[in-house]
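Its first residue numbered 2, the sequence shown is counted upward by one per residue in the working numbering. All C-beta atoms in this analysis are idealised placements derived from N, C-alpha and C, irrespective of residue type, glycine included. Below is one structure, written out as structure tokens, with a few remarks after it.
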Amino acid sequence: MQSKDLYAGALTLVLRHDLTGCAQSAHQAVDLLQRLAALPTADSDTRSLCEQMCERLLDEVEHAT
């Protein structure tokens with residue numbers, strides 16, 4: 002998967018989770034965000050943002066159950 006596809010997929014899943022509260026979308030977004038953060042082309046700001054969003058998504062899912 003190319004990085005632009007990862008970004009598009011992650012954004013779609015984050016938005017879906019935000020709009021519907023879908024836990025599966027949150028978990029899938031976390032997977033894509035972790036993959037984005039691990040890319041050698043990702044700068045430190047992007048890595049940090051991806052990591053922060055992963056933490057927020059997982060926290061939201063945990064508190065929703």
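If the five residues before and after threonine 42 are omitted, its C-beta is found closer than 8 Å to the C-beta atoms of Ser4, all from its own chain and listed in chain order. Within the segment 4-44, the complete alpha helix (DSSP H) segments at least 4 residues long are 4-21 and 24-38, listed from N- to C-terminus. Listed in chain order, the non-local C-beta contacts of leucine 7 below 7 Å within the same chain comprise Leu33, Arg36 and Leu37, local neighbours out to five positions each way being set aside. By the beta-carbon neighbour count (other beta carbons within 10 angstroms, threshold 16), serine 26 is buried. DSSP, read as helix, strand or coil, puts threonine 47 in helix.
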